[in-house]
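Asker:
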Amino acid sequence: MKIELRHGAGGEDTSRLIADLFAQAFANDILNKMEDGAVLPVMQGNPVFTSDSFVVDPITFPGGDIGKLAVCGTVNDLACMGAKPLYLTASFILETGLDTAVLEPIIKSMAATAREAGVQIVAGDTKVVEGKGGLFINTAGLGERAVGVDISAANLKPGDKLIVTGTLGDHHAVILTQRLQISLEAQSDCAPLNHMVQKLLAEGVNLHTVRDITRGGLATVANELAATSKVKILLEEEKIPVNEAVKGLCGILGLEPINMGNEGKLLIAIPAEEAEKALELIKADKYGAEAAIVGEVMEGKGVRLQTALGGSRRVLPLRGEGLPRIC
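Here is the structure:
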């Protein structure tokens, strides 16, 4: 069935679309009440709230789709604040011409990712606009952070070690090659990382800063953190993990992995004495096998890269458009 304007008119067609696709996939005790808002249990810790929108093109890709991406992106934002993600809302903007045979697997993927992350989708909305079969998703996420947890972009300290939780550039490379219709032996790294962060906290690791490495890549994230914390960051090129397929693509197209976007990687700042313990815990996680200590925090300002040839150069944040609509 193709989506038509009548599916967004608020009548029987809208109700049937919601009942047949969304309500079944996202069913839980809160959502099933179909109220105008979700009434949530009282929290014991500090509530952490975030919002995001997802416009990736194409909407399905090796390793994921826009539905999986919407859950992972929102969950990871909460995880980066040290919060346990609990609840999501999901609003869908459907363009006319979108086939429900395309939409239904995306909804099921979104539901499966929510289950993996341990979150419930408790409210949402559906709108239909004229278009060419596109799909956009807006989310909000609510999590709970234990009292006393203090993870912030402003908390980097000289002497901290920096850990990247896996290979860089996978998602960016997959989206780019899908658009160019180039074959690449790689998959998007799109993944929920909240269990990884919660494990570190449960084991008593003193997390100073956690940030997901999304648009703009490691270079942009490192510059933002260095500026916010008023420190200098030194990265070591040889220690930054990049898979061979992405390295090959970068060589052909003149790209740098540190400028490429990801959807399942974190940059974590930890006191030096706890770095090896943290690295071991991260490597034990299903999404952290390729994690590595890639640099350190120092007195000063800016970001520098120690190159594989033994030199050093300044690292700037991504400028210009880069690759649009990767998330």
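Just so you know, the sequence shown maps onto residues 44 to 370 in the working numbering. For each residue, glycine too, the CB sits at the ideal point set by N, CA and C.
#1: For Gly-88, collect the residues of the same chain with a Cβ closer than 6 angstroms to its Cβ; drop the 5 residues on either side in sequence, then sort them by chain order.
#2: Please classify Glu-173 as buried or exposed, where buried requires at least 16 other C-beta atoms within 10 Å of its C-beta.
#3: Do you know offhand how far Ala-196's Cα is from Glu-55's?
#4: Alpha carbons only, please: which of Ile-102, Ala-332, Arg-49, Leu-112 is nearest the one belonging to Asn-305?
#5: Have a look at the DSSP bridge pairing and note the partners of Gln-163.
#6: Compare the C-alpha of Asn-237 against each of Asp-108, Gln-230, Ala-126 and name the closest.
#7: On the three-pair Cβ rule with 8 angstroms, is the region 196-209 touching the region 106-120?
#8: Would Thr-350 be called buried (16 or more neighbouring beta carbons within 10 Å of its own) or exposed?
#9: Using CA atoms only, rank isn't needed, just tell me which of Gly-53, Val-118, Lys-290, Lys-326 is closest to Gly-161.
#10: Identify the continuous beta strand (DSSP E) that holds Thr-252 and give its terminal residues.
#11: Please tell me whether Gly-176 and Gly-140 are closer than 9 angstroms, where the distance is taken between their beta carbons.
#12: For Met-341 versus Lys-273, is the C-beta spacing smaller than 9 angstroms?
#13: So, is Val-82 buried or exposed, given that buried needs 16 or more other C-beta atoms within 10 angstroms?
#14: Using a threshold of 9 angstroms, state whether the C-beta atoms of Gly-259 and Pro-367 are closer than that.
#15: How would you label Asp-120, buried or exposed, when you count the other beta carbons within 10 angstroms and need 16 or more for buried?
#16: Once DSSP output is grouped into helix, strand and coil, what is the label at Ala-197?
#17: Give the straight-line distance between the Cα atoms of Val-165 and Leu-129, rounded to the nearest whole angstrom.
#18: Give the straight-line distance between the Cα atoms of Lys-242 and Leu-324, rounded to the nearest whole angstrom.
#19: Please confirm if the region 245-252 is in contact with the region 300-314, defined as three or more CB-CB distances below 8 angstroms between the two stretches.
#20: For Asn-71, which residues from the same chain have a beta carbon less than 8 angstroms from its beta carbon, with the 5 sequence-adjacent residues on both sides left out?
#21: Rounded to the nearest angstrom, what separates Cys-293 and Lys-170 at their Cα positions?
Answerer: On the basis of the data shown:
#1: Glu-187, Arg-188, Ala-189, Val-190
#2: When all chains shown are included, Glu-173 counts as exposed.
#3: Distance between the alpha carbons of Ala-196 and Glu-55 is about 48 angstroms.
#4: Leu-112
#5: Tyr-130
#6: Ala-126
#7: no
#8: exposed
#9: Val-118
#10: 252-255
#11: yes
#12: Their beta carbons are not under 9 angstroms apart, which means Met-341 does not touch Lys-273 by this criterion.
#13: Flag for Val-82 reads exposed.
#14: no
#15: buried
#16: coil
#17: Looking at the two C-alpha atoms, the distance is approximately 10 angstroms.
#18: Near 8 angstroms, if we compare the C-alpha coordinates of Leu-324 and Lys-242.
#19: yes
#20: Correct list, in chain order: Gln-163, Ile-164, Val-165.
#21: The C-alpha of Lys-170 is placed about 39 angstroms away from the C-alpha of Cys-293.
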